[in-house]
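So the number in the working numbering is just where the residue sits in the sequence shown, counting from 1, plus 1.
Single-structure report; data block below.
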Amino acid sequence: MNIQYPVPLSGAKSSTLMWAQEHEVGAQALQQLRNIAALPWVHGVRVMPDVHLGKGATVGSVIAMYQAVSPAAVGVDIGCGMEGVLTSLTAVDLPDDLSGIRSHIEAAVPVGFRAHAYPVSVRKLGLDRGWDRFWGSFSSLHDGVRDREKKAQQQMGSLGGGNHFIEVCLDDEDRVWLMLHSGSRNIGKELAERHTRIAKALPHNADLPDRDLAVFLTGTPEMEAYRRDLTWAQEYASRNRAVMLALVIQAVRESFVQEITFEQPISCHHNYVAEETIDDLDLLVTRKGAIRAGKGDLGLIPGSMGTGSYVVRGLGSEQSFYSASHGAGRRMSRNEAKRRYTVDDLIAQTAGVESRKDAGVLDELPAAYKDIESVIAAQSDLVEVVAHLKQVICVKG
2 MNIQYPVPLS GAKSSTLMWA QEHEVGAQAL QQLRNIAALP WVHGVRVMPD
52 VHLGKGATVG SVIAMYQAVS PAAVGVDIGC GMEGVLTSLT AVDLPDDLSG
102 IRSHIEAAVP VGFRAHAYPV SVRKLGLDRG WDRFWGSFSS LHDGVRDREK
152 KAQQQMGSLG GGNHFIEVCL DDEDRVWLML HSGSRNIGKE LAERHTRIAK
202 ALPHNADLPD RDLAVFLTGT PEMEAYRRDL TWAQEYASRN RAVMLALVIQ
252 AVRESFVQEI TFEQPISCHH NYVAEETIDD LDLLVTRKGA IRAGKGDLGL
302 IPGSMGTGSY VVRGLGSEQS FYSASHGAGR RMSRNEAKRR YTVDDLIAQT
352 AGVESRKDAG VLDELPAAYK DIESVIAAQS DLVEVVAHLK QVICVKG
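Encoded structure:
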């Protein structure tokens with residue numbers, strides 16, 4: 002049966018349209034969406050097909066607010082997003098044993114909790130624009146992170162853990178792509194958590210259905226401070242991905258004897274705030290686990306570490322607040338995945354992919370995620386597919 006999307010969320014106080022069916026979404030996530038829609042500042046909520054339970058605000062949600070922002074609607078990994086680039090390599094250029102390329106990448110980019118021993122020389126990577134201004138503004142951030150500058154500099158150009166990854170992929174024409182997913186590392190998390198605590202203590206948030214949805218209001222010093230730190234963290238995340246991509250490109254070049262060229266990278270945030278005009282209103286739009294899909298916008302929608310990803314182009318849907326999903330979305334929690342599956346399951350589900358195959362990434366196995374093909378099909382009115390990618394190398398922390 003063909004479902005016509007979007008569908009309205011039952012019981013929502015403000016306009017809430019879903020590119021998913023209610024029976025496909027967990028009860029807690031549905032209640033979370035209703036709590037969001039009940040906030041007095043909310044103009045509307047849009048729900049992507051990768052929707053699942055989050056902290057305070059649902060992952061896979063787009064929230065348009067009038068003169069208000071909830072830190073939970075951005076998430077703790079401020080500015081998390083994707084970077085991808087098409088190379089001149091093809092499948093025939095790749096060696097039969099891909100472990101060497103994977104090792105080169107892992108040597109160039111710290112993963113998990115690791116960081117660079119010294120800050121990366123961005124000048125050597127050809128990324129020397131605006132760094133003095135960027136690091137110069139660190140001293141204006143929240144007082145509680147003032148001693149984190151050295152750590153933030155050493156984590157610049159590092160991957161992190163969880164669902165973050167670096168991949169080498171093949172498209173349907175056997176062209177090689179490089180793709181990565183990461184955010185603002187520890188500094189973004191600390192800023193988000195500190196501002197969330199501030200928001201929860203504000204009087205206007207005392208009677209919310211969920212205190213995790215506490216908001217800042219335009220015109221207040223608290224909002225000004227949050228927007229300042231948020232903007233900085235979003236830039237940190239973007240620069241972090243650019244540095245990582247440059248390091249990965251360098252590692253890949255060192256793995257081949259022939260010259261390799263690279264197209265213009267595709268880059269997109271999927272945890273962020275933007276000032277946008279929606280329904281002829283100037284609103285603050287938060288995308289938590291969603292990308293902007295304005296007319297012609299290029300985006301990246303990854304699946305899991307064994308299923309592949311998509312390069313898409315936005316169709317400019319006003320109904321979706323110009324948005325689309327950020328990935329496949331989890332279908333079960335990390336703890337449930339560890340309970341239900343074994344390392345043998347992980348090995349079977351990532352067959353053909355050069356990657357970690359141990360208990361440390363068990364909660365990232367494909368079965369823990371929704372089917373990426375179904376997620377893409379559900380948003381055919383939001384994006385058009387530019388390329389389908391299948392990973393052959395996956396690096397995780």
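The beta carbon of each residue, even a glycine, is placed where N, CA and C say it ideally should be.
Residue span of the alpha helix (DSSP H) that contains residue i, given as start and end
i, result
"arginine 103", "100 to 109"
"isoleucine 373", "373 to 379"
"leucine 231", "222 to 255"
"valine 344", "344 to 350"
"histidine 196", "186 to 201"
"arginine 35", "28 to 38"
"alanine 338", "335 to 341"
Member of the options whose CA lies at the smallest distance from the CA of residue i
i, options, result
"glutamine 320", "Leu34, Ala38, Met49, Gly27", "Met49"
"lysine 339", "Ser356, Ile348, Leu366", "Leu366"
"glycine 101", "Leu347, Arg254, Arg288", "Arg254"
"aspartate 211", "Ile4, Ala58, Val387, Val376", "Ala58"
"glutamate 168", "Glu337, Glu107, Ala207", "Glu107"
"tryptophan 136", "Gln154, Arg124, Ala294, Glu191", "Gln154"
"threonine 278", "Gly317, Gln22, Asp213, Leu390", "Gly317"
"threonine 219", "Asp148, Leu285, Ser310, Ala92", "Leu285"
"proline 111", "Asp298, Arg242, Leu347", "Arg242"
"phenylalanine 257", "Ser16, Leu95, Ala28, Gly55", "Leu95"
"glycine 328", "Glu25, Val60, Gly55, Asn3", "Val60"
"threonine 17", "Val26, Ile37, Glu25, Gln380", "Ile37"
"phenylalanine 139", "Val123, Arg47, Ser375, Trp233", "Trp233"
"valine 249", "Phe263, Ala238, Tyr237, Glu236", "Phe263"
"leucine 54", "Asp345, Ser375, Arg335", "Arg335"
"valine 46", "Ser122, Pro7, Ala28", "Pro7"
Cβ-based burial, residue i [other Cβ within 10 Å; buried from 16]
i, result
"threonine 197", "buried"
"isoleucine 302", "buried"
"glycine 145", "exposed"
"histidine 182", "buried"
"isoleucine 394", "buried"
"isoleucine 207", "A small fix is needed here, since residue 207 is alanine in this sequence, not isoleucine. The residue in question, alanine 207, is exposed, as its Cβ has fewer than 16 Cβ neighbours within 10 Å."
"alanine 74", "buried"
"threonine 88", "buried"
"threonine 351", "buried"
"histidine 24", "exposed"
"asparagine 3", "exposed"
Short Cβ contact (7 Å threshold) for residue i with residue j
i, j, result
"methionine 245", "glycine 127", "no"
"proline 204", "valine 86", "no"
"isoleucine 373", "threonine 287", "no"
"glycine 80", "serine 185", "yes"
"alanine 378", "aspartate 172", "no"
"aspartate 51", "asparagine 272", "no"
"valine 313", "glycine 330", "no"
"histidine 44", "alanine 65", "yes"
"lysine 14", "alanine 39", "yes"
"alanine 247", "histidine 105", "no"
"arginine 228", "histidine 143", "no"
"serine 324", "valine 63", "yes"
"glutamate 355", "leucine 179", "no"
"alanine 214", "serine 11", "Reading off the sequence shown, one finds leucine at residue 214, where the question assumed alanine. Not in contact: leucine 214 and serine 11 (Cβ atoms no closer than 7 Å)."
"arginine 332", "lysine 371", "yes"
"threonine 91", "arginine 35", "no"
"glycine 162", "glycine 113", "yes"
"glutamate 223", "isoleucine 199", "yes"
"valine 344", "alanine 369", "no"
Residue range of the unbroken beta strand (DSSP E) whose run includes residue i
i, result
"alanine 388", "384 to 397"
"tryptophan 178", "176 to 183"
"aspartate 283", "282 to 289"
"phenylalanine 166", "166 to 172"
"arginine 314", "310 to 315"
"aspartate 51", "43 to 53"
"glycine 137", "Glycine 137 -> not in any beta strand (DSSP E); alpha helix (DSSP H) instead, spanning 132 to 137."
Cβ distance (whole Å) where residue i is taken to contact residue j below 8 Å
i, j, result
"valine 384", "glycine 315", "6 Å"
"methionine 83", "cysteine 269", "5 Å"
"tyrosine 67", "leucine 363", "No, tyrosine 67 and leucine 363 are not in contact; Cβ-Cβ is about 43 Å, not under 8 Å."
"lysine 397", "phenylalanine 166", "5 Å"
"serine 310", "leucine 390", "5 Å"
"isoleucine 188", "arginine 149", "6 Å"
"methionine 306", "glutamine 380", "Not a contact, Cβ separation roughly 22 Å."
heavy atom of the ligand NAD below 6 Å from residue i C-beta
i, result
"alanine 247", "With respect to the ligand NAD, the structure shown offers nothing to examine, as it has no ligands at all."
Chain C within 7 Å of residue i, Cβ atoms only
i, result
"alanine 243", "Of the protein chains in the structure, only one exists, and it is not chain C."
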